[in-house]
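Enquirer: Here you go, one structure.
Protein chains: 2
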Amino acid sequence: MDAHVLTVGGEILAGDILDSNFHEIAAAFRDAGIRVTAHASVADDVDAIAGTIRRSVEEVDIVFVTGGLGPTPDDLTREGTARALGVGQTLREDLVPDLEATFRSHGGRTMPVSNLNQLRLPDGAEAISNPNGSAPGFRIETPRAVVFAVPGVPREMRWMLHEAVLPWLREHRSPTAIQVRLLRTQGIGESDLAERLAPHMDAWRGVGVAFYPHLPGVDVKLSHFGKDPRRMKRELDQAESEARRILGTYVYGSGKETLAEVVLRMLGERGWRLAVAESCTGGRVAAALTAVPGSSKAFDGGVVSYSNRAKSELLGVDPELLATHGAVSEAAARAMAEGMRERSGADVALGVTGIAGPGGGTAGKPVGLVYTAVAAPGGTRCWEMRHPGVRDAVQQRATSVALNRLRLVLLGEP
Amino acid sequence: MDAHVLTVGGEILAGDILDSNFHEIAAAFRDAGIRVTAHASVADDVDAIAGTIRRSVEEVDIVFVTGGLGPTPDDLTREGTARALGVGQTLREDLVPDLEATFRSHGGRTMPVSNLNQLRLPDGAEAISNPNGSAPGFRIETPRAVVFAVPGVPREMRWMLHEAVLPWLREHRSPTAIQVRLLRTQGIGESDLAERLAPHMDAWRGVGVAFYPHLPGVDVKLSHFGKDPRRMKRELDQAESEARRILGTYVYGSGKETLAEVVLRMLGERGWRLAVAESCTGGRVAAALTAVPGSSKAFDGGVVSYSNRAKSELLGVDPELLATHGAVSEAAARAMAEGMRERSGADVALGVTGIAGPGGGTAGKPVGLVYTAVAAPGGTRCWEMRHPGVRDAVQQRATSVALNRLRLVLLGEP
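Protein chains in written order, with the numbering used here: chain U, 1 to 414; chain Y, 415 to 828.
Right, here's the structure in full:
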């Protein structure tokens, strides 16, 4: 079962507001086993509305329209739908008492006559009642598809979606189910992932594989549409366990888990406390950790030692070491992690120093060069990385790499 | 000048992520005097991509496509565009050295062969270089329209939009002019702003006023469309100066300036150095400051004293004070700011402590309670605030308030 979603209204296209409805609609449809194959957003223009609906009812099973149901002349979804389907419009007298009652209950106001426009539904449509506002929605069937039109106001849209549209679809269309697994990776690129998984994907019958690159890493999504939930689960289980075996420790988590959450959980399991000393990431590693509720259970805090003076005064890094090796060096990263561990009394400490740019780079130490050190009971280790991109990207990537290195140390990787 | 925007990719349709790109694109086009008349979002399906582009190039002047430029078989924007325009695709050998260099700079990795797919541009296309990733964008002209294709990764999209697409359109299509002024405020709500400005707005002929609330504060946007740049500028100058007079120190900056940038500039003018001690904001104040290039000129660093132990060991806060008043108290915030100032040798220091939630609140000290202290040469001052919202909102609001309090102290406000 495929669906198209159509958003009607000039506000979103004008860049004045963010379309928060669509994300919610897409997620609700996905969870109901309905695949949204396209979303269109058009202005209050009857030709654009009619043209889009006309194409959609030929292509998919469900057309879900939001917005354009108000009482003013620029609310054109009723007219656009009627025109798309080649039917007329009739003022639905049977709905007038309900609309008048809505106005009475809403502070005793008398209904403006213009509100009657909201009842001029396309012929053949069933009204969908609106307990949260004045505009009724409607449902109308075509030879292939069913069209739903609901208001654009998020609260009114949401109620109709969950209380009228999805229940009707479950009863009359019994959509297929979908199951999804998301594996989150760090330290490996999208094309590397695809090349490693490709030889195995043919054997994962019915399981779709997609890659979603973000700055913290690449997510691998395994999905399965179908009618037999047990078989889908079995086939997804097999695909997921093979993917995990192939990708090994590149996979840090699943679903919406963040690297910070994973690291904090691993620290909690060991009963270890963490402190971080940051230079080029400037507080981002600490901010990522403290974004997690309950992080205080395993995270003590840290130092943002942005200047050399801060490295010496707050972490006890020897000024001579900084003069000899430079503040961006393996020696400095190690001294920061060790100084942090000693001063805080934490079990494990991170030290991150690098050149975020845009200034400060040299031929030998270019922008993007970052050293990450982990000081743990077994000793201190350090890694050198060169991150591409502008300042913000370098800082974000360095933050993810720091948390990931800590994760690998906690996993006992050599 | 009308534009269509096409978003390619299954992620958004699947309800997995919110489409944050479109809002930004629509706003940027609007500000450039280009009207977006439709937005479509389609899955990784070559027929859907080609069909949408084919229709759009007949209807509008500009077609802006994001996503589907990666190296994997489900990246189909190049093929879809070629099919829509009836042209072939050629592997662009001339772009190979650049792509290889991108991979070399990214930790010396060898380029996987599959990445060459990213260079199979439609015939007749001009490549748009990508300093933030491996996929080039492209621009291709049709008899009526110009099609731009850029990656879906927000950072890569944003760079190409502002550095390549809009400059090209300004040079070759000269859209109607718009002039915009953005005044950024902190510490005052949207409806308060509207009420203060309303009595004056009628006199600002042709100047549109809009309010954009964000977590750091509310932006007041003054805009003027037209053909006479001098008159527009004169009328905008008048409106802006009146608005600034009415709003006083609620206005912290203009354009895209951040609070952190403003504070760093003010510190630089005084020759002062800053250090920050954060508890509930967990590194966000430091991260906001170090996001600004060149912040090291005025920012020394700081301490994230998340645990009580960290407050004592890294800042020298008396454990007895914490036992008596609690870690979330005016006394603790003052001691953090003063301890930070003393230990770092900075001229001015911030101390922030509070309850970000969701746990840890009590009747007397609820979630959202935050104390902000500024220790400066003239003494230490402290403010209590109660922020609404969930953990992330509390942390963001507390970060903005801390930077804003520091700004007001630097301004000499009583």
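A virtual CB, placed ideally from N, CA and C, is assigned to each residue, including glycine.
Since the model is a prediction, treat every value here as computed from it, not as a measurement.
1. Taking the Cβ atom as the reference point for each residue, do Thr353(U) and Met340(U) lie within a distance shorter than 9 Å?
2. According to the neighbour-count rule (16 or more other Cβ atoms, all chains shown, within 10 Å of its Cβ), is Glu675(Y) buried or exposed?
3. Please tell me whether Leu764(Y) and Val690(Y) are closer than 9 Å, where the distance is taken between their beta carbons.
4. Against Gly33(U), what residues of chain Y qualify as contacts under a CB-to-CB distance less than 8 Å, listed in chain order?
5. With 9 Å set as the bound, which would you pick, yes or no: does the beta-carbon of His437(Y) sit closer than that to a beta-carbon of chain U?
6. For Thr421(Y), write down the residues that DSSP places opposite it in a beta bridge.
7. Smallest Cα separation from Glu141(U): which of Glu126(U), Asn132(U), Leu403(U) and Gly152(U)?
8. For a contact meaning CB atoms closer than 7 Å, what does Pro772(Y) contact in chain U?
9. Give me, in chain order, the residues of the same chain whose beta-carbon lies closer than 8 Å to that of Asp433(Y); leave out the 5 immediate sequence neighbours on both sides.
10. Taking 9 Å as the CB-CB limit, is Asp508(Y) close to chain U?
11. Which residues, in chain order, does the stretch 196 to 213 of chain U contribute to contact with chain Y at a C-beta distance below 7 Å?
12. Rounded to whole angstroms, what is the Cα-Cα separation between Thr695(Y) and Gly782(Y)?
13. Can you check which of these residues, Gly640(Y), Ala700(Y) and Trp686(Y), is closest to Lys711(Y) by C-alpha distance?
14. By how many angstroms is the C-alpha of Met1(U) removed from the C-alpha of Asp61(U)?
15. In terms of residue numbering, what span does the beta strand (DSSP E) encompassing Met799(Y) cover?
16. Return helix, strand or coil for Ala373(U), following the three-state DSSP convention.
17. Across which residues does DSSP place Val276(U) in a beta bridge pair?
18. Classify Gly208(U) as helix, strand or coil using the three-state DSSP reduction.
19. Any chance you could list the beta strand (DSSP E) runs of at least 3 consecutive residues sitting entirely within the stretch 573 to 657 of chain Y, in chain order?
20. Quick check on this structure: which residue in Ile355(U), Arg343(U), Ser105(U) and Ala82(U) has the alpha carbon closest to the alpha carbon of Leu274(U)?
21. Is Leu505(Y) helix, strand or coil by DSSP?
22. Helix, strand or coil: how does DSSP classify Glu675(Y) here?
23. Between Asp616(Y) and the rest of its own chain, which residues show a CB-CB distance below 8 Å, the 5 nearest in sequence each way excluded?
24. Between which two residues does the beta strand (DSSP E) holding Gly667(Y) run?
25. Can you tell me which residues form a DSSP beta bridge with Val823(Y)?
26. In angstroms, rounded to a whole number, what distance separates the CA positions of Ala441(Y) and Met571(Y)?
27. Of all the CB atoms in chain Y, is at least one closer than 9 Å to the CB of Thr281(U)?
28. Here's the rule: buried if 16 or more other CB atoms are within 10 angstroms of the residue's CB, otherwise exposed. What is Ser241(U)?
29. For Pro122(U), which beta-bridge partners are listed by DSSP?
30. Identify every residue that forms a DSSP beta bridge with Ala149(U).
31. Count the C-beta pairs between the stretch 79 to 86 of chain U and the stretch 180 to 190 of chain U that are closer than 8 Å, then say yes if the count reaches three, no if not.
32. Any chance you could list the beta strand (DSSP E) runs of at least 3 consecutive residues sitting entirely within the stretch 280 to 330 of chain U, in chain order?
33. Phe29(U) touches chain B at which residues, Cβ-Cβ below 8 Å?
34. Closer than 8 Å, Cβ to any Cβ of chain U: which residues of the stretch 799 to 810 of chain Y, in chain order?
35. To the nearest angstrom, how far is the alpha carbon of Lys233(U) from that of Gly253(U)?
36. Going along the chain, which residues of the stretch 32 to 61 of chain U sit with their C-beta nearer than 7 Å to a C-beta in chain Y?
Expert: The answer reads as follows:
1. Taking the first residue of the first sequence as 1, we reach residue 353(U) at position 353. Taking the first residue of the first sequence as 1, we reach residue 340(U) at position 340. In this structure, Met340(U) does not lie closer than 9 Å to Thr353(U) by Cβ.
2. As a working note, residue 675(Y) is residue 261 in the second sequence. Counting Cβ neighbours within 10 Å, Glu675(Y) comes out buried, since at least 16 surround it.
3. For the purposes of this step, residue 764(Y) is taken as the residue at position 350 of the second sequence. For the purposes of this step, residue 690(Y) is taken as the residue at position 276 of the second sequence. Cβ atoms of Leu764(Y) and Val690(Y): closer than 9 Å.
4. Translated into positions along the first sequence, residue 33(U) becomes position 33. Under the 8 Å cutoff, chain Y gives no residues; its nearest Cβ is about 12 Å from Gly33(U).
5. Here residue 437(Y) refers to the residue found at position 23 when the second sequence is read from its first residue. By this cut-off, His437(Y) is an interface position.
6. Counted from its first residue, the second sequence places residue 421(Y) at position 7. Its beta-bridge partners are Ser455(Y) and Thr480(Y).
7. Your numbering for residue 141(U) matches position 141 in the first sequence. Residue Glu126(U) is the option with its Cα nearest to Glu141(U).
8. For the purposes of this step, residue 772(Y) is identified with residue 358 of the second sequence, where counting begins at 1. Near Pro772(Y) (Cβ distances below 7 Å), the residues of chain U are Pro293.
9. Counting from one through the second sequence, the residue named residue 433(Y) turns up at place 19. The answer, listed in chain order, is Thr421, Ile426 and Ser455.
10. Counting from one through the second sequence, the residue named residue 508(Y) turns up at place 94. No, Asp508(Y) lies away from the interface with chain U (no Cβ there is under 9 Å from its Cβ).
11. Taking 7 Å as the Cβ-Cβ cut-off against chain Y, the residues of the stretch 196 to 213 of chain U that qualify are Ala210, Phe211, Tyr212 and Pro213.
12. Along the second sequence, one-based indexing puts residue 695(Y) at 281. Along the second sequence, one-based indexing puts residue 782(Y) at 368. Distance between the alpha carbons of Thr695(Y) and Gly782(Y) is about 11 Å.
13. Here residue 711(Y) refers to the residue found at position 297 of the second sequence. Comparing Cα-Cα distances from Lys711(Y) to each of Gly640(Y), Ala700(Y) and Trp686(Y), the minimum goes to Trp686(Y).
14. The count along the first sequence starts at 1 and reaches residue 61(U) at position 61. The count along the first sequence starts at 1 and reaches residue 1(U) at position 1. Cα to Cα, the separation comes out at about 6 Å.
15. Here residue 799(Y) corresponds to residue number 385 of the second sequence, with the count starting at 1. Run containing Met799(Y): Gly793 to Arg800, per the beta strand (DSSP E) assignment.
16. What you label residue 373(U) is simply residue 373 of the first sequence in a count that begins at 1. DSSP places Ala373(U) in strand when its eight states are reduced to three.
17. Counted from its first residue, the first sequence places residue 276(U) at position 276. Bridge partners of Val276(U): Gly302(U) and Leu350(U).
18. Taking the first sequence and counting its residues from 1, the one referred to as residue 208(U) is at position 208. Strand at Gly208(U).
19. 591 to 599, 622 to 628 and 631 to 640
20. As a working mapping, residue 274(U) is identified with position 274 in the first sequence. Nearest to Leu274(U) by C-alpha distance, out of Ile355(U), Arg343(U), Ser105(U) and Ala82(U), is Arg343(U).
21. To locate residue 505(Y), count along the second sequence from 1; it is residue 91. Three-state result, Leu505(Y): strand.
22. Along the second sequence, one-based indexing puts residue 675(Y) at 261. Here Glu675(Y) sits in helix by DSSP.
23. Locating residue 616(Y) in the second sequence gives position 202, counting from the first residue. The answer is none, since no qualifying residue turns up.
24. Taking the first residue of the second sequence as 1, we reach residue 667(Y) at position 253. For Gly667(Y), the enclosing beta strand (DSSP E) begins and ends at Val665 to Ser668.
25. Here residue 823(Y) corresponds to residue number 409 of the second sequence, with the count starting at 1. Its beta-bridge partners do not exist; DSSP assigns none.
26. The residue labelled residue 441(Y) in the question sits at position 27 within the second sequence. The residue labelled residue 571(Y) in the question sits at position 157 within the second sequence. Taking the straight line from one Cα to the other gives about 14 Å.
27. Along the first sequence, read from residue 1 onward, the residue named residue 281(U) stands at position 281. So yes, Thr281(U) belongs to the interface.
28. One-based indexing of the first sequence puts residue 241(U) at position 241. Looking at its Cβ environment, which holds fewer than 16 other Cβ atoms inside 10 Å, Ser241(U) is exposed.
29. As a first step, residue 122(U) is located in the first sequence; it is residue number 122 there, counting from the start. DSSP output for Pro122(U) lists Gln89(U) as bridge partner(s).
30. Position 149 of the first sequence, counting from 1, holds the residue named residue 149(U). Looking at the DSSP assignment, Ala149(U) forms a beta bridge with Val65(U) and Phe138(U).
31. no
32. DSSP runs (the beta strand (DSSP E)) wholly in the stretch 280 to 330 of chain U: 299 to 305.
33. The question asks about chain B, but that chain is absent: this structure's protein chains are U and Y.
34. Legend: CB atoms of the stretch 799 to 810 of chain Y lying less than 8 Å from CB atoms of chain U belong to residues Arg805, Asp806 and Gln809.
35. By one-based count along the first sequence, residue 233(U) stands at place 233. By one-based count along the first sequence, residue 253(U) stands at place 253. Taking the straight line from one Cα to the other gives about 19 Å.
36. Residues of the stretch 32 to 61 of chain U with a C-beta atom less than 7 Å from some C-beta of chain Y are Val36, Thr37, Ala38, His39, Ala40, Ser41, Val42, Ala43 and Ala48, listed in chain order.
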